[in-house]
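Have a look at the structure below before the remarks.
Number of protein chains: 2
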Amino acid sequence: MSKKITKRSDNYSDWYIDIITRAQLADYAPVKGCMVIRPNGYEIWEKMQSVLDGMFKETGHRNAYFPLLIPESFLKKEAEHVEGFAPECAVVTHGGGKKLSENLMIRPTSETIIWNMYSRWINSHRDLPLLINQWCNVMRWEMRTRLFLRTSEFLWQEGHTAHATKEEAVEETIRMLEVYKTFAEEYMAMPVVDGVKTESEKFPGAVDTYTIEAMMQDKKALQAGTSHFLGENFAKAFDVQFQDADGARKYVWATSWGVSTRLIGALIMCHSDDQGLILPPKLATKQVVIVPIWKGDAESGKVIECAHKIKEELKEKFRVHVDDRLQYKPGWKFNEWELQGIPLRIEIGPRDIENRVVVLARRDKREKLQVPIESISEEVGKLLQSIQNDLFTNAKDFREKNTFTVDQYSEFEEKVVENGFFHLHWCGKDLCEEKIKGKTKATIRCIPRDSAKESGKCIICGDNSPQRVLVSRAY
Amino acid sequence: MSKKITKRSDNYSDWYIDIITRAQLADYAPVKGCMVIRPNGYEIWEKMQSVLDGMFKETGHRNAYFPLLIPESFLKKEAEHVEGFAPECAVVTHGGGKKLSENLMIRPTSETIIWNMYSRWINSHRDLPLLINQWCNVMRWEMRTRLFLRTSEFLWQEGHTAHATKEEAVEETIRMLEVYKTFAEEYMAMPVVDGVKTESEKFPGAVDTYTIEAMMQDKKALQAGTSHFLGENFAKAFDVQFQDADGARKYVWATSWGVSTRLIGALIMCHSDDQGLILPPKLATKQVVIVPIWKGDAESGKVIECAHKIKEELKEKFRVHVDDRLQYKPGWKFNEWELQGIPLRIEIGPRDIENRVVVLARRDKREKLQVPIESISEEVGKLLQSIQNDLFTNAKDFREKNTFTVDQYSEFEEKVVENGFFHLHWCGKDLCEEKIKGKTKATIRCIPRDSAKESGKCIICGDNSPQRVLVSRAY
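See the structure below:
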């Protein structure tokens, strides 16, 4: 507890890393570019997994597990795919003390091994749709890494679906994008812009890549999840055909979609402050922590007992923890749980017990409120809901305040130095996209789905543009 | 559905593989020795995970995630450990297009990387005990593999705990062994013998390895879980010391413990029959399947509606599925759900509706029972409980019937051909242990914890033996 957290305003990067290390969310691993997710961080991932997994199952998906190692030849079957991923692969050359006859790649993503299996499993239209998800680790060799946001190994889920028609596959791509958007906004309290990536930014092997993009507190964008319409690319690469009801053999249409432990980084950077982490109540493993306060041993028994009674009352509806450790003082505990981002703290001392009241302290606004013990369950419920809502509203207000519609390149160049989201007209040419990036380090994050079909002139070349795109510097 | 399942009595190995492939639990992967766990199989693993995870958390453990790749030098820090695992490792030599300066091993188990991290995290007695579990994939290059039982890559959990005293660490080792035993017996309905491994069979790097051993239907043993007391071995290898309350610097005491997807293989081989899988109700994702029966379209609506009504009534207490697919006949569905091992089937037709009855068919005994619709919830509850109990009792009876206490080597040699569990006297010498194995392929599975301290003469050399050991051929 000795080292202070760097202030966001002083150095945003250091602040981010300080939060992670001080709150013991993750640690650097001895293997370059890898991380250890510590229990405090893994707990957040478990909550995310459990919510997302429920959403996947409600939309008809089932989990499975495919091998970690992919033969090099598989990766090569889809031209764009191998070009995108081969340079990032970790390669196994020896196993069981012998050199292997073929190199094996640690999966950077599993399309190739999964579509190899699908070629065995899919024969008839009755086998479709095939809706499978996998929770696993993947590896992409990274030069410049940052805890949670970009590490060589990370945890994620990858959905891989197979469909009889193009329409169904496109529908699935959008459905899962919307699942991600719902999760980001309703659970992470993190507003996102959803849209489609440009040709140069799409997933290697995809026809279209859809994305959700969030604004961090330094006004940079973070890609929080992607959903790919893969067309017939992988079906053709792995010769996956099915006999349709009309008797004809047809290629299968595919999608894939994924989110990763990167979401933990997004969560931190979206809500936290100079005191530490701020967790939205829906993703907090501990939503409420009760800190009993006493002077001298004589008082302690009664106060601790009361704290546990309150826990008993609350635990049906909320995830509650009593911090009754004797070796730490209340002030230390307050700091500790604020650092950990626990949404609500209940303070209770001997005088409170006499007066039949407790103090509720909300983490996000650091406001305190005295409430009667009798109405505690109701008040806790209201406050948690209010915290969840306020986190979203604040993040959304922040994003709106820092989103700009700009038509003059000079204005954009001036403003982008301070970061933010920019709605610009773009003609659709690679060259203009590269120019934006080359000059400003900002990239086209997506063509927003809700973008009005407003025609205009490309901010770079002045050619016609059918609609505005979202431009920002990004993680 | 065309290919029949090989009979257990004809070929037990083929029967086992047939169940797995026909019930679509797993498939061979294109990478040698690896498997794909298909949704029907993964569902069983998810149930196992959820129960075990709850038990780990109740005993104070938290989950974390450590890197997949371990520097070769780490593995070498504990002499026995590297000797045991290095020959089985898959080795990453290249990453990001370059040869690595140090080879990285895909974790065969994570003691070394975890104790490297513990050396950073543990300083004071206040940091202890440290109780961490990890759910992950591991890899051990195997020459002869069998789906679920022995594959190069498998999924497991590995607990790694650090303690201030030897006593606490030993207590933890036994506590987790008992958690495994409870899980095996109460959830998997699989009786196990718990005991300690001999010196030659223990985990590389452990002081003591405890095990639970189950009898399969071919009377061979299967090691279903292990819990290791690691002494100070890893603390010394990674220099993990703590300052005790008395001010002295001391080495930390360690345990580790794990179970894997091998348990799915055990579950299959313990209970299933020639019709397919048999799942204990507590681990079945679908506990009850309702099959509506009708002739002609006119009847179908009413029967399907009634099936869903029953589901509505049952779903609060049980995991229920209605199979209302129009394209399959009831007989086909019966076979399919029997193959899948669903504990209970409810059949309902138009006449049943008139008579206010349904037919309950239990998977294990393949018995049918007619019950009034009014008492269906009660009857389903009773039957599921009865199935869970009967599976355990049958497995236990089978084990008792095939467990022998033998004192003459000739008798043992004759009987072991037919397999079974044997309680033999053993003097404790490696040489006698090797002789048993060399002659009969049977191994000392463990020295059972509940074994009475009965002295006798070693079945091989005739020297004094302090107690009987459990000997069996094993998977």
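Chains W and P, in that order, give the protein sequences.
Take any residue in the first sequence, note its place counting from 1, add 1, and you have its number in this note's numbering.
Take any residue in the second sequence, note its place counting from 1, add 1, and you have its number in this note's numbering.
Note that beta-carbon positions come from the ideal geometry of N, C-alpha and C, so glycine has one too.
Remember, predicted model here, so these are calculated numbers, not experimental data.
For the candidate residues the options, whose alpha-carbon lies nearest to that of residue i?
{"i": "R495 of chain W", "options": "W:M270, W:I460 and W:F243", "result": "Outside the displayed span of chain W (2 to 476) sits residue 495 of chain W, for which this structure offers no information."}
{"i": "P109 of chain P", "options": "P:A65, P:L131, P:S102 and P:W157", "result": "P:W157"}
{"i": "E47 of chain P", "options": "P:V360, P:R326, P:T286 and P:E314", "result": "P:T286"}
{"i": "Q389 of chain P", "options": "P:L223, P:M189, P:Y29 and P:I437", "result": "P:M189"}
{"i": "L315 of chain P", "options": "P:M56, P:G226, P:I377 and P:T441", "result": "P:I377"}
{"i": "T262 of chain W", "options": "W:T22, W:F57, W:V37 and W:P31", "result": "W:V37"}
{"i": "P1 of chain P", "options": "P:G85, P:V358 and P:K220", "result": "The structure shown does not extend to residue 1 of chain P, since chain P is modelled only from 2 to 476, so the question has no answer here."}
{"i": "E300 of chain P", "options": "P:P40, P:L345, P:K310 and P:I349", "result": "P:I349"}
{"i": "P331 of chain P", "options": "P:T444, P:W142 and P:P293", "result": "P:P293"}
{"i": "N124 of chain P", "options": "P:K100, P:A165, P:N104 and P:T152", "result": "P:A165"}
{"i": "K4 of chain P", "options": "P:W338, P:L76, P:Q276 and P:H309", "result": "P:Q276"}
{"i": "N403 of chain P", "options": "P:M217, P:L361 and P:E368", "result": "P:M217"}
Looking at residue j and residue i, is the spacing between their C-beta atoms short of 9 Å?
{"i": "E112 of chain W", "j": "F235 of chain W", "result": "yes"}
{"i": "E173 of chain W", "j": "T162 of chain W", "result": "yes"}
{"i": "D195 of chain W", "j": "E179 of chain W", "result": "yes"}
{"i": "F413 of chain W", "j": "V407 of chain W", "result": "yes"}
{"i": "C35 of chain W", "j": "G97 of chain P", "result": "no"}
{"i": "V92 of chain P", "j": "I107 of chain P", "result": "yes"}
{"i": "A24 of chain W", "j": "L340 of chain W", "result": "yes"}
{"i": "W295 of chain W", "j": "Y181 of chain W", "result": "no"}
{"i": "P420 of chain P", "j": "N138 of chain W", "result": "This sequence places Asn at residue 420 of chain P; Pro is not what is there. No, the pair does not count as a contact, with Cβ atoms beyond the cut-off."}
{"i": "P88 of chain P", "j": "P31 of chain W", "result": "no"}
Let me check one thing: in DSSP terms, what residues is residue i bridge-paired to?
{"i": "H62 of chain W", "result": "None, per the DSSP bridge assignment."}
{"i": "P373 of chain P", "result": "P:V358"}
{"i": "S473 of chain W", "result": "W:T444"}
{"i": "P88 of chain W", "result": "BP columns for P88 of chain W are empty, so no partner."}
{"i": "T162 of chain P", "result": "P:L132 and P:T256"}
{"i": "Q244 of chain P", "result": "P:S125 and P:R250"}
{"i": "V93 of chain W", "result": "W:L105 and P:V93"}
{"i": "A222 of chain W", "result": "W:M216 and W:A475"}
{"i": "W157 of chain P", "result": "P:C137 and P:S261"}
{"i": "D209 of chain P", "result": "P:F230"}
Just to make sure I have the definition right: I need the residues of chain W whose C-beta is within less than 8 Å of the C-beta of residue i. Which are they?
{"i": "T110 of chain P", "result": "Those within 8 Å of T110 of chain P in chain W number zero; the least Cβ separation is about 15 Å."}
{"i": "R63 of chain P", "result": "P40, Y43 and E44"}
{"i": "I294 of chain P", "result": "Chain W residues near I294 of chain P: none, gap ~22 Å exceeds 8 Å."}
How is residue i classed by DSSP in three states: helix, strand or coil?
{"i": "P68 of chain W", "result": "coil"}
{"i": "I445 of chain P", "result": "strand"}
{"i": "V194 of chain P", "result": "strand"}
{"i": "E169 of chain P", "result": "helix"}
{"i": "P293 of chain P", "result": "strand"}
{"i": "T22 of chain W", "result": "helix"}
{"i": "N465 of chain P", "result": "strand"}
{"i": "K100 of chain W", "result": "strand"}
{"i": "N12 of chain W", "result": "coil"}
{"i": "V32 of chain W", "result": "coil"}
{"i": "S411 of chain W", "result": "helix"}
{"i": "R145 of chain W", "result": "coil"}
{"i": "M2 of chain P", "result": "Note that M2 of chain P scores 46 on pLDDT, short of 50, meaning its location in the model is unreliable; the coordinates nonetheless yield the value given after this. In this structure, M2 of chain P counts as coil in the three-state DSSP scheme."}
{"i": "C459 of chain P", "result": "coil"}
{"i": "A308 of chain P", "result": "helix"}
{"i": "E79 of chain W", "result": "coil"}
{"i": "I388 of chain P", "result": "helix"}
Run down chain W in chain order and give the residues with a C-beta less than 7 Å from the C-beta of residue i.
{"i": "W142 of chain P", "result": "G96 and G97"}
{"i": "F243 of chain P", "result": "Within 7 Å Cβ-Cβ: nothing; F243 of chain P doesn't reach chain W, min ~16 Å."}
{"i": "I133 of chain P", "result": "P40"}
{"i": "P72 of chain P", "result": "P31 and V32"}
{"i": "E47 of chain P", "result": "N64"}
So is residue i in contact with chain A if we call contact Cβ pairs under 9 Å?
{"i": "W338 of chain W", "result": "Of the protein chains in the structure, W and P, none is chain A."}
In chain P, what lies closer than 7 Å to residue i by C-beta?
{"i": "M118 of chain W", "result": "D28 and V37"}
Name, please, each residue of chain P whose Cβ falls closer than 9 Å to the Cβ of residue i.
{"i": "L105 of chain W", "result": "V32 and A91"}
Using a C-beta to C-beta distance shorter than 8 Å, which residues of chain P count as neighbours of residue i?
{"i": "L76 of chain W", "result": "Those within 8 Å of L76 of chain W in chain P number zero; the least Cβ separation is about 12 Å."}
{"i": "P88 of chain W", "result": "G97 and G98"}
{"i": "C154 of chain W", "result": "First, the amino acid is wrong: residue 154 of chain W is Glu here, not Cys. What E154 of chain W touches in chain P: P68, L69 and L70."}
Below 9 Å on C-beta distance, what does residue i contact in chain W?
{"i": "L370 of chain P", "result": "Near L370 of chain P there are no residues of chain W at all, since even the closest Cβ is about 31 Å away, more than 9 Å."}
Flag residue i as yes when its Cβ comes closer than 8 Å to any non-hydrogen atom of the ligand MN, and as no otherwise.
{"i": "A190 of chain P", "result": "Ligands displayed in this structure: none; no statement on the ligand MN is therefore possible."}
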